[in-house]
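Residue numbers (the numbering used here): 85 to 624.
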């Protein structure tokens, strides 16, 4: 394809360059508006500069990809409510036999969860668990954080729903879920094993503990797992408002600690005043009793304050579950609620499994995900607003803007002209052509990010391979999926999953850790090159 008119080429390139800068560096000082607004700005400029007409811009938005993203995000929200990620956190440390076993377990769980729930989601959920386990046993966090991020990227390459670029490849290449899985699964499994070996070899000394110091890795406390709440729309744990609440809530605790000895009484056999107040009263006699008791308590409190050296007794309310067990009717209600919860969780898991089976059988992936999401909403039998609000709409908007911007850049003819120069050396019917194509994809994925790379190269690479054979066309799409995904392990900026791990680790309360660019690069460079090369020989 020849270049269009010079003004269109220049203006289209300027619009794409603005989009690229804001996508790769979302907080640049001269325009700190972020990735989402940056993609919309690039899309708007393509229309304002008349590189695209408004109708062409709307037509560039790929609705099936957006539908698949939306459906999988809603399903993930319900899986989080059904405690799936709590169980994944428990698996990290369950009967672990030391640091090396823990590292292997992190790699395996991260890869499997990423293949079915996207790599970004797995990293958001598991990063804090990994940090807590490392801190509990005085282990340096960086080998485990690198294991989490790199394995998430490798694992996500196996399925169309593992990451956004795979969604685009599967839909544009018309590759079924099962065919995609069979084509890349061998490369993913071998690549994951090689990545584990590289991790252990690189950090052998760090992961080696003397026999007299070695202890089995204990499980993460239940309350720590339950305290972690995942939201795909909000990556950080605490915003400014929540942090103020945390500070305010910590003050009473500090005041109690500074006072004299405190006794907490939780095994009361007689309900306390606060417990009585929570029970609706049916007679005036009960009301008067409560009022009398309250006045007596206030009097006694006044006397206690005059003697600060005296021990203070604090009566803590017992859980509602313990209170309702006093009566047989309350016990039956509690068991009923418990079994309803178990039944609901089972339905969530069953519907998710049915969605995956439907995709494997060749059902339209976007509609399979949307149908599963709607069924879960209906079965929940309550206002779906809080669950649907957790969907990352900013990501969906980013994709809309990116589709328009990339399509406008294609209209300039620059990507086609560059591919015409590379095509004779990148044909996949011989080894040198595959190697050249892999290098081009790897470099572009780290310079322009993997999703724009797939959008820019996908159609031309597939068309070139289709001229050889139909099987080579599918292989070209799978090579593009494999290399663009594993290329994310090259540097800290190469993948959104890497940035998620880095940011989550930095902001984790009490166990925060900063993963540096150079720490990642020292491992990422050899791992990416070796894993990519081995995987290319196994893709079919």
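All residues carry an ideal CB built from backbone N, CA and C; glycine is no exception.
Cα-Cα separation between residue i and residue j, rounded to whole angstroms
i: residue 535; j: residue 529; result: 8 Å
i: residue 144; j: residue 187; result: 43 Å
i: residue 149; j: residue 255; result: 7 Å
i: residue 519; j: residue 619; result: 12 Å
i: residue 514; j: residue 570; result: 22 Å
i: residue 182; j: residue 488; result: 50 Å
i: residue 194; j: residue 263; result: 23 Å
i: residue 250; j: residue 152; result: 11 Å
i: residue 156; j: residue 568; result: 21 Å
i: residue 485; j: residue 147; result: 13 Å
i: residue 154; j: residue 480; result: 8 Å
i: residue 184; j: residue 284; result: 7 Å
i: residue 100; j: residue 614; result: 32 Å
i: residue 201; j: residue 446; result: 19 Å
i: residue 236; j: residue 592; result: 19 Å
i: residue 443; j: residue 261; result: 6 Å
i: residue 532; j: residue 433; result: 37 Å
i: residue 557; j: residue 621; result: 16 Å
i: residue 415; j: residue 110; result: 54 Å
i: residue 209; j: residue 218; result: 16 Å
i: residue 453; j: residue 441; result: 11 Å
i: residue 550; j: residue 431; result: 43 Å
i: residue 277; j: residue 425; result: 38 Å
i: residue 590; j: residue 581; result: 14 Å
i: residue 399; j: residue 467; result: Low confidence applies to residue 399: its pLDDT is 39, below 50, so where it sits in the model is not reliable enough to give any reading.
i: residue 493; j: residue 280; result: 39 Å
i: residue 104; j: residue 118; result: 11 Å
i: residue 469; j: residue 420; result: 26 Å
i: residue 526; j: residue 575; result: 11 Å
i: residue 196; j: residue 512; result: 29 Å
i: residue 301; j: residue 482; result: Low per-residue confidence applies at residue 301: pLDDT is 48, beneath 50, and the placement is therefore not dependable, though the value from the model is reported in the following sentence. Their Cα atoms are separated by approximately 41 Å.
i: residue 507; j: residue 463; result: 52 Å
i: residue 292; j: residue 169; result: 29 Å
i: residue 114; j: residue 225; result: 35 Å
i: residue 456; j: residue 198; result: 19 Å
i: residue 509; j: residue 548; result: 11 Å
Nearest to residue i (by Cα), restricted to the options the options
i: residue 564; options: 185, 244, 203 and 603; result: 244
i: residue 600; options: 196, 221, 577 and 162; result: 577
i: residue 449; options: 98, 101, 259 and 229; result: 259
i: residue 257; options: 123, 554, 521 and 616; result: 554
i: residue 205; options: 248, 181 and 226; result: 248
i: residue 505; options: 513, 495, 521 and 490; result: 521
i: residue 597; options: 223, 541, 429 and 443; result: 223
i: residue 517; options: 484, 481, 482 and 560; result: 560
i: residue 607; options: 465, 139 and 282; result: 282
i: residue 542; options: 261, 579, 166 and 503; result: 503
i: residue 491; options: 447, 525, 512 and 138; result: 138
i: residue 523; options: 616, 178, 191 and 452; result: 616
i: residue 220; options: 610, 621, 595 and 611; result: 595
i: residue 439; options: 122, 458, 425 and 426; result: 458
i: residue 122; options: 566, 112, 544 and 107; result: 107
i: residue 610; options: 468, 419 and 286; result: 286
i: residue 465; options: 545, 428 and 128; result: 428
i: residue 275; options: 227, 191 and 225; result: 191
i: residue 267; options: 566, 92 and 605; result: 566
i: residue 579; options: 417, 166, 227 and 238; result: 238
i: residue 603; options: 478, 227 and 252; result: 227
i: residue 127; options: 168, 546, 95 and 451; result: 95
i: residue 165; options: 93, 460, 92 and 623; result: 460
i: residue 546; options: 291, 253 and 478; result: 253
Cβ of residue i within 8 Å of any chain B Cβ
i: residue 617; result: Going by chain labels, chain B is absent from the structure shown, which holds only one protein chain.
Inspect the CB distances between the region 210 to 217 and the region 168 to 180 and report whether three or more fall short of 8 Å. These segments touch.
Kindly provide the ranges of any alpha helix (DSSP H) runs that are 4 or more residues long and lie completely inside the region 154 to 206, ordered along the chain. Runs of the alpha helix (DSSP H) lying entirely within the region 154 to 206 and spanning at least 4 residues, in chain order: 168 to 177 and 183 to 201.
Cβ contact (3+ pairs, closer than 8 Å) linking the region 224 to 243 and the region 263 to 277: By the C-beta criterion, the region 224 to 243 is judged to be in contact with the region 263 to 277, since at least 3 inter-stretch pairs fall below 8 Å.
Kindly confirm or deny that the region 536 to 546 and the region 124 to 139 touch, where touching means at least three C-beta pairs closer than 8 Å. No: fewer than three Cβ pairs fall under 8 Å.
Please determine if the region 153 to 163 and the region 469 to 477 are in contact, where contact requires at least 3 C-beta pairs separated by less than 8 Å. Taking 8 Å as the limit for Cβ pairs, the verdict is that the region 469 to 477 does touch the region 153 to 163.
Looking at C-beta atoms only, is the number of pairs between the region 216 to 234 and the region 584 to 593 that lie closer than 8 Å three or more? Between the region 216 to 234 and the region 584 to 593 there are three or more C-beta pairs closer than 8 Å, enough to call the two in contact.
What are the complete alpha helix (DSSP H) segments, minimum 4 residues, inside the region 482 to 539? Whole alpha helix (DSSP H) segments, 4+ residues: 498 to 506 and 515 to 532.
Assess contact between the region 488 to 501 and the region 86 to 93, defined as three or more Cβ pairs (one per stretch) separated by less than 8 Å. Is contact present? Judged by Cβ distances under 8 Å, the region 488 to 501 makes contact with the region 86 to 93, as three or more pairs qualify.
Hey, which unbroken runs of the beta strand (DSSP E) at 3 residues or more fall wholly within the region 88 to 156? DSSP runs (the beta strand (DSSP E)) wholly in the region 88 to 156: none.
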